[in-house]
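Start counting the sequence shown at 60; every next residue gets the next number (the numbering used here). Think of the CB as a built atom: it goes at the ideal place given N, C-alpha and C, for glycine as much as any other residue.
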Amino acid sequence: MALDNNDMQQLISLLQKLVNNNSDDGGDDEPVVKKTRKPRSKKTGASTPPKKKFINKFNDMPEMNMFKEDVAIDKKLQKGPPTPRNRPFSFVKVQCRVCGKSDEVPETLVEATDRYKCNKCATGAG
Numbered sequence: 060m061a062l063d064n065n066d067m068q069q070l071i072s073l074l075q076k077l078v079n080n081n082s083d084d085g086g087d088d089e090p091v092v093k094k095t096r097k098p099r100s101k102k103t104g105a106s107t108p109p110k111k112k113f114i115n116k117f118n119d120m121p122e123m124n125m126f127k128e129d130v131a132i133d134k135k136l137q138k139g140p141p142t143p144r145n146r147p148f149s150f151v152k153v154q155c156r157v158c159g160k161s162d163e164v165p166e167t168l169v170e171a172t173d174r175y176k177c178n179k180c181a182t183g184a185g
């Protein structure tokens, strides 16, 4: 689809008119200002209804008082006081494989004495 000379002349004249109209306005001297968005305001429609006060219905149910009488039975069936679970532990002398610092740590915290890393070396790179 090629343009002949007549079409080309019409196109050139249209473009020249556009250029002349733009130069007559003198709008090139003013800086271009970008429009900014206005912050959206909150909707002023119907407000939400106030929340109702929460009523705990469990206090009125029979399940609330179901096991109160079991306390007396538990005291009768109890054989003795629970035993404390404080087992003694032993310390192991270990040496850090990175910096060579020697420590005494609980035996349960060390997998193998030759693989121990102190806290400073464990948190750093390496």
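Count the other CB atoms within 10 Å of the CB of residue i; is the residue buried (16 or more) or exposed (fewer)?
i: Q158; result: Correcting the residue type first, residue 158 is Cys in the shown sequence and not Gln. Label assigned to C158: exposed.
How about residue i and residue j: are their beta carbons less than 9 Å apart?
i: R156; j: R174; result: yes
i: V151; j: E166; result: yes
i: F117; j: M123; result: yes
i: L70; j: L62; result: yes
Return the chain-ordered list of same chain residues with a C-beta closer than 7 Å to the C-beta of residue i, the five sequence neighbours on each side being excluded.
i: V164; result: F150, V151, V153
i: K176; result: C155, R156, V157
Using CA atoms only, rank isn't needed, just tell me which of the options is closest to residue i.
i: T172; options: S161, C180, T182, A181; result: S161
Near residue i, which residues of its chain fall below 6 Å by C-beta distance, leaving aside the five closest residues on each side in sequence?
i: L77; result: none
i: T142; result: none
Using beta carbons (cut-off 9 Å, strictly below), is residue i in contact with chain D?
i: L136; result: As a matter of chain content, chain D is missing from the structure shown, which is built from one protein chain.
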